[in-house]
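Down below is the structure, laid out as structure tokens.
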Amino acid sequence: MPSTTALLLSGGGARGAYQAGVLQAIAEITKATASPFGIISGLSAGAINGMWLASGAEDFTAATTRMAELWSTIRTDDIFVTDGGYLVRHGLKWIEVFATGNFFVEKSPSFIFDTSPLRKYLSAHIDFPAIERNRKKGILSGISVSATNYQHGRAASFFQAGRGVKEWQLHSHYGEKAILNVDHVMASSALPVFFKPQRVGNADYGDGGIGLKAPLSPAIRLGADRILAIGIQSPYEISRKREPYHPATLGDVSGTLLNSILFGSLNDDVERCRSRNKIVRKHPDMKKEFREIPLLTIFPSRDLGQVGSNQFSHIPFGLRHLLKGFGISNKKSWDLLSYLAFNHHYTGELLKLGRADAMARKREILKFLKP
């Protein structure tokens, strides 16, 4: 029987490297042969990590090592087009739309960066058929990738599981059974405005963090009895020290919006889950309606936005020039840069931090994952 322990991976662009560092340390701590997580749920960059892990679930150490290697060698042009000529042409298209009210443009642009390189990268490095093989072998019981439907704003959780797991329909969230493929991962990881929306079926989808207000929900619906959640926002980021005043730039506003969209839901859902667990423990009669879901969360011990504050010089020239228009520099708008800094200088730092944070909680992790 597969484990009913679930792994939840939230997301946020290049910050996903932190999760890879944590997972590599968990493999070292547990010395597990196969994945100790029978249920894997991911959204945004967490969907990418989740699919890497699910496809290699038969050998947990090899899968996490490979994941860390990919993050440590990643380049910006593995994710989106950084050619200066393309960025200029695409930028002019945006200017034309705003200047003429879309009069001369047949189709309005809905994104800044062309992420076709990411599709090639994922297709080359994720063995999607292996996910179903690992499920049939009993290593996995359920895998979920969440995205946001741009047609009506609801969150969609595409899941691959056995017949016992039924699709669901809620006011703001629905679950749809699917054979997961690169389209689902592209949809889940499409940062709003910055990355191109992905069509799945008859709708365009974007980052799962936009619409999914209860990130723990897909894992619970797939049968999780306990959940290990790896986030990418530090408590220090929430209570960031005051910096010297500077007028808010477009980069500041964009970074703050992304933080709010991608991080707030997980923090709120974790608090709700813990509160519900306390109530169930105090009132055993409620176990008929609710069940206690043990929860272990791992968040960065450092502000990942500030970890990226010295990465601007490592960004490709054409992209760096564009981002200057957002007000990004080594001194400001770090949060936005931390989503887009797909280079080994930044991701390498996050891998080290993730590994160190997990190792610092070795006893907790061993106790939580004990069969």
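Residue numbers (this note's numbering): 171 to 541.
Built from N, CA and C at the ideal position, the CB exists for glycine as well.
Note that this is a predicted model, so its numbers are computed, not measured.
For Leu240, the enclosing alpha helix (DSSP H) stretches over residues 230 to 243.
Within the model, the alpha-carbon separation for Asn437 versus Ile402 is close to 11 Å.
Secondary structure at Val363: coil, using DSSP grouped into helix, strand and coil.
Beta-bridge analysis with DSSP links Trp338 to Gly345.
With at least 16 other beta carbons inside 10 angstroms of its own, Leu223 counts as buried.
Glu519 sits buried, since 16 or more C-beta atoms from the chains shown fall within 10 Å of its C-beta. Leaving aside the five residues that flank Thr235 on each side, the residues in its chain whose CB is nearer than 8 Å to its CB run, in chain order, Gln194, Ala197. Thr200 and Val335 have their C-alpha atoms some 29 Å from each other.
Excluding five sequence positions before and after Val251, the CB atoms of its chain that fall closer than 6 Å to its own CB belong to Asp284, given in chain order.
Checking the DSSP bridge columns, you'll see Val315 partnered with Gly212, Phe328. In the DSSP assignment, Thr467 falls within the unbroken beta strand (DSSP E) covering 465 to 468. Ranked by Cα distance from Thr175, the options Asp395, Gly376, Leu493 are led by Asp395. Pairing Leu536 with Thr203, the inter-Cα distance amounts to about 15 Å.
Comparing alpha carbon positions, the residue from Asp353, Ala373, Ser180, Glu239 closest to Lys290 is Asp353. The C-beta distance from Leu350 to Met221 rounds to 7 Å, short enough to meet the 8 Å contact threshold. In the DSSP assignment, Gly376 is bridged to Thr318.
Shown here for Gly323: same chain residues with a beta carbon closer than 7 Å to its own, the five before and five after excluded, namely Gly381 in chain order.
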